Amino acid sequence: MKEKIQEIKKDFDDNLKSVSDLKALEELRLKFLSRKGQVTQLFDAFKALPTEEKKLYGKEVNVFRNTLQTKYDKLKADLEAAKVDEKDVIDLTLPGRRKELGSLHILSQTLYEIKEIFKSLGFSVYIGPEMESDHNNFEMLNFPADHPARDMQDTFFINDDFLLRTHTSPVQVRLMETSKPPLRAIMPGKVYRNEAISAKSYCLFHQVEGLYVDTNVTFAELKGTLIAFAKQYFGEDVKYRFRPSFFPFTEPSAEVDLWWEPKGKEGRWMEILGCGMVDPNVLENCGIDSEQYTGYAFGMGVERIAMRKYGIDDIRVFFDNDKRFLTQF
Ligand code: PHE
Numbered sequence: 014m015k016e017k018i019q020e021i022k023k024d025f026d027d028n029l030k031s032v033s034d035l036k037a038l039e040e041l042r043l044k045f046l047s048r049k050g051q052v053t054q055l056f057d058a059f060k061a062l063p064t065e066e067k068k069l070y071g072k073e074v075n076v077f078r079n080t081l082q083t084k085y086d087k088l089k090a091d092l093e094a095a096k097v098d099e100k101d102v103i104d105l106t107l108p109g110r111r112k113e114l115g116s117l118h119i120l121s122q123t124l125y126e127i128k129e130i131f132k133s134l135g136f137s138v139y140i141g142p143e144m145e146s147d148h149n150n151f152e153m154l155n156f157p158a159d160h161p162a163r164d165m166q167d168t169f170f171i172n173d174d175f176l177l178r179t180h181t182s183p184v185q186v187r188l189m190e191t192s193k194p195p196l197r198a199i200m201p202g203k204v205y206r207n208e209a210i211s212a213k214s215y216c217l218f219h220q221v222e223g224l225y226v227d228t229n230v231t232f233a234e235l236k237g238t239l240i241a242f243a244k245q246y247f248g249e250d251v252k253y254r255f256r257p258s259f260f261p262f263t264e265p266s267a268e269v270d271l272w273w274e275p276k277g278k279e280g281r282w283m284e285i286l287g288c289g290m291v292d293p294n295v296l297e298n299c300g301i302d303s304e305q306y307t308g309y310a311f312g313m314g315v316e317r318i319a320m321r322k323y324g325i326d327d328i329r330v331f332f333d334n335d336k337r338f339l340t341q342f
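Given below as structure tokens:
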């Protein structure tokens, strides 16, 4: 009996050494520990022994079986812990995932370029809020009480006194109220209009306001500055025209059109800005002596400028967030 136990033990230990995966371990279990395994057979042989010998070997056989079982259990636990889930295996031959790089929106790029040109012409940058008082947006700018721009059709009112600014001109007021001339600044930002959305107009767009107040500022300087801007931005051969116009807060007033020939379409004039000499009433409203100072102002549409530059004929594409459009710039 003793020899038999030793024999099985040696055999088991030899086999155990070569077990490197769960499949081989299962073979080991079948060979030794299963119902038909060698250890079980040992028990059968034991049962057949005379009582004397049973006493002698009973404990030994039990301990032996438990030892093998313990060794088996430990190796099984180790193999299971070391087992690598297939989904965790990294396949180094797979192509990588490309990270998409973001870029500045075309309007941000355009605004940036406009700002750079005016900075080089001596303008600083000043910012005002998008929610404005009716007072700054209209009253201070000489809009008569019944002016159509105050109509519910055009303005997003927040309450009786506040609204979403319909243009960047109220920022002129804020600047003139808080600083003394000479003043030379551009004021970029979003403006809002309650208009039907179409290829030509959107409920929100961007403007760059400009203001220059000093002694002896003339309309010729206004013209010179705007032409210098147009040539720098669109090129020396840009075709432009100044057209007389009307704004309550400038006198005289003008609008500037650029000649535009969209590909395959007939050429036409496209309005890109309004401008004029600051109305003396506006200067006085803001506490600036209109006998001593004069000024010019302009407000340009950033979308229009980008449309003219890149040949875009629908303003809505700026706001659709369609990557096919955005990634072109
Ligand atoms: N605020 C005017 C508009 O939105 C543009 C403008 C600005 C005109 C400054 C004259 C002077 O249409």
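FYI, the numbering for the sequence shown is 14 to 342, going by the numbering used here.
Here a beta-carbon is modelled for each residue, glycine too, at the ideal position from N, C-alpha and C.
Since the model is a prediction, treat every value here as computed from it, not as a measurement.
Q. Do residue 141 and residue 187 come within 7 Å of each other at the CB atom, strictly closer than that value?
A. Yes. Within cutoff.
(Q) In the DSSP output, what is residue 310 paired with across the bridge? (A) 224, 289
Q. Is the stretch 147 to 158 close to the stretch 291 to 310, with three or more CB pairs under 8 Å?
A. yes
Q. Thinking C-alpha only, which one of 173, 261, 209, 82 is nearest residue 26?
A. 82
**Q.** Close beta carbons around residue 322, own chain, < 8 Å, minus the five adjacent residues each side
**A.** For residue 322, where only same-chain residues beyond five positions count, the Cβ hits under 8 Å are 123, 246, 247.
Q: Please work out which residues of its chain come closer than 7 Å, Cβ to Cβ, to residue 42, disregarding the five sequence neighbours upstream and downstream, and give them in chain order.
A: Around residue 42: 85.
Q: With a 10 Å radius around its C-beta and 16 neighbouring C-beta atoms as the bar for buried, classify residue 102 as buried or exposed.
A: exposed
Q.
Going by C-alpha to C-alpha distance, which of 96, 339, 263, 329 sits closest to residue 354?
A. The structure shown does not extend to residue 354, since the chain is modelled only from 14 through 342, so no value can be given for it.
Q.
If you follow the beta strand (DSSP E) that residue 269 is in, where does it begin and where does it stop?
A. 263 to 273
Q.
Helix, strand or coil for residue 219? Go by DSSP, reduced to three states.
A. strand
(Q) Starting from residue 246, trace the alpha helix (DSSP H) in both directions and tell me its first and last residue. (A) 232 to 247
(Q) For the beta strand (DSSP E) containing residue 199, name the first residue and the last one. (A) 196 to 205
Q. Between which two residues does the alpha helix (DSSP H) containing residue 183 stretch?
A. 182 to 191 is the span of the alpha helix (DSSP H), which, as asked, contains residue 183.
(Q) Between which residues of its own chain and residue 88 is the CB-CB distance below 8 Å, once the five residues before and five after are set aside? (A) Cβ contact annotation for residue 88 (same chain, cutoff 8 Å, sequence separation greater than five): 29, 32, 38, in chain order.
Q: Would you identify the three-state DSSP class for residue 31, choosing helix, strand or coil?
A: Three-state result, residue 31: coil.
Q. When DSSP labels each residue in this structure, what does residue 70 get in the three-state scheme?
A. helix
Q: Could you work out which residue in 129, 36, 146, 193 is closest to residue 297 when comparing CA atoms only?
A: 193
Q. If you follow the alpha helix (DSSP H) that residue 121 is part of, which residue opens it and which one closes it?
A. 119 to 133
Q) Relative to the C-alpha of residue 339, which residue among 14, 115, 93 is closest? A) Comparing Cα positions, the closest option is 115.
**Q.** Status (buried if at least 16 other CB within 10 Å, exposed otherwise) for residue 138
**A.** exposed
Q: Determine the DSSP secondary structure at residue 62, reduced to helix, strand or coil.
A: coil
Q.
Is residue 288 close to the ligand GTP? I mean its beta-carbon at under 6 Å from any heavy atom of the ligand.
A. Ligands displayed in this structure: the ligand PHE; the ligand GTP is not among them.
Q) In whole angstroms, what is the alpha-carbon distance linking residue 272 and residue 240? A) 14 Å
Q: Would you grab the beta carbon distance between residue 255 and residue 266 for me? Rounded to a whole angstrom, and I think it's under 8 Å.
A: About 10 Å; that fails the 8 Å criterion.
Q: Determine the closest residue to residue 127 out of 149, 175, 164, 244, with distance taken between C-alpha atoms.
A: 244
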